[in-house]
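Peer 1:
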Ligand SMILES: Cc1cc2nc3c(=O)[nH]c(=O)nc-3n(C[C@H](O)[C@H](O)[C@H](O)COP(=O)(O)O)c2cc1C
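Numbering (our numbering), first residue to last: 1 to 335.
1. Where residue 105 and residue 76 are concerned, what is the direct C-alpha to C-alpha distance, given to the nearest angstrom?
2. Three or more C-beta pairs closer than 8 Å, one from the segment 249 to 260 and one from the segment 212 to 232: is that the case here?
3. Do you know how far the Cα of residue 51 is from the Cα of residue 236?
4. If you draw a straight line from the alpha carbon of residue 143 to that of residue 222, how long is it in whole angstroms?
5. Under DSSP, the beta strand (DSSP E) around residue 52 begins and ends at which residues?
6. May I have the straight-line CA-CA distance separating residue 291 from residue 43, to the nearest angstrom?
7. So for residue 47, helix, strand or coil by DSSP?
8. In three-state DSSP terms, what is residue 132?
9. What are the boundary residues of the beta strand (DSSP E) that residue 111 is part of?
10. Report the three-state DSSP secondary structure of residue 140 (helix, strand or coil).
11. Sorry if obvious, but does the Cβ on residue 81 come closer than 6 Å to a heavy atom of ligand 1?
12. Mapping DSSP to helix, strand and coil, what is residue 151?
13. Quick check: the Cα distance between residue 246 and residue 330, rounded to an integer number of angstroms?
14. Select from 123, 280 and 316 the residue whose C-alpha is nearest the C-alpha of residue 68.
15. Do the CB positions of residue 271 and residue 311 come within less than 7 Å of each other?
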């Protein structure tokens with residue numbers, strides 16, 4: 001079968017090509033989720049429960065999907081999620097993710113578990129970047145990388161705080177991609193947020209919040225933004241979907257900080273739904289891996305073009321001209 005041209009491919013096509021082209025070990029790692037995969041499957045299903053309310057009598061033809069986040073104007077409210085193991089896909093994958101996202105103008109959240117340090121990401125990307133730390137790397141390295149990120153013009157820094165237990169693929173805890181050592185969990189403390197606030201003067205983002213108590217604790221400790229995330233279903237089996245936890249978190253922070261969402265975003269329509277429910281922006285993990293696994297930097301750029309087109313389609317068909325106009329009235333809960 002001849003392959004479609006890249007500019008005609010959707011995310012499902014990219015996933016199919018990536019599955020063929022990615023090393024089997026990388027596919028298994030990226031597609032993997034904890035234990036029975038219940039959380040992994042619940043994430044996209046939570047989006048499917050919302051339907052759009054079609055509205056066509058308006059003259060909106062090219063909606064504005066840009067937003068402002070951490071003082072940066074972004075052409076699309078979707079960023080690449082921090083992923084420590086792009087390098088399993090290929091030697092060039094981290095650089096290609098950086099390049100492809102930068103061409104789309106999309107922000108990249110970079111993981112401390114990646115092979116590149118913040119300098120490596122900056123060299124590979126002219127686009128907006130956010131550094132995401134793991135406290136189990138030790139305060140010395142976290143502080144060094146956070147300060148390096150600030151010097152390099154990153155938009156924000158943050159901490160991923162949901163790896164109290166390490167990621168699991170089925171019943172196995174995989175070895176660290178970075179150093180091949182066994183992964184360990186790390187307790188989370190609001191003191192680490194206070195500490196991070198003293199290292200840099202950038203906004204501090206806290207990722208892995210799934211409920212009201214944690215949201216309040218993080219904001220009281222100084223968090224400037226939260227990421228509602230269940231780590232793509234890779235840590236706690238039978239967790240709620242991230243989208244299901246979003247309303248509770250929004251309620252708890254009552255507009256004090258922007259709330260970003262990830263886990264299960266698979267289309268531009270999903271982004272519109274997350275925004276309609278109150279998220280400021282979304283992160284995408286596995287779809288970016290499909291893009292880079294299938295076609296390198298061009299594939300990543302294509303992922304963002306697909307999300308852009310699908311967002312605009314959903315907005316035109318529900319009658320909203322800009323992100324600021326998206327609200328719950330465009331959704332119907334299909335219960
Ligand atoms: C292979 C892989 C590696 C990941 N590594 C990290 C990481 O180093 N730091 C982090 O905060 N999240 C990590 N995540 C979680 C993502 O940031 C994000 O929360 C998740 O992928 C979102 O779900 P999605 O893949 O359904 O879009 C990883 C996810 C995957 C699939």
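Ideal placement from N, C-alpha and C gives every residue a C-beta, glycine not left out. It should be emphasised that the depicted structure is a prediction, and the values quoted were computed from it without experimental measurement.
Peer 2: Reading it off the structure:
1. 8 Å
2. Contact check between the segment 249 to 260 and the segment 212 to 232: three or more CB pairs, one atom from each, fall below 8 Å, which counts as touching.
3. Near 28 Å, if we compare the C-alpha coordinates of residue 51 and residue 236.
4. 17 Å
5. Residue 52: member of the beta strand (DSSP E) spanning 50 to 52, first to last residue.
6. 20 Å
7. helix
8. strand
9. 108 to 111
10. In this structure, residue 140 counts as helix in the three-state DSSP scheme.
11. yes
12. helix
13. 17 Å
14. 280
15. yes
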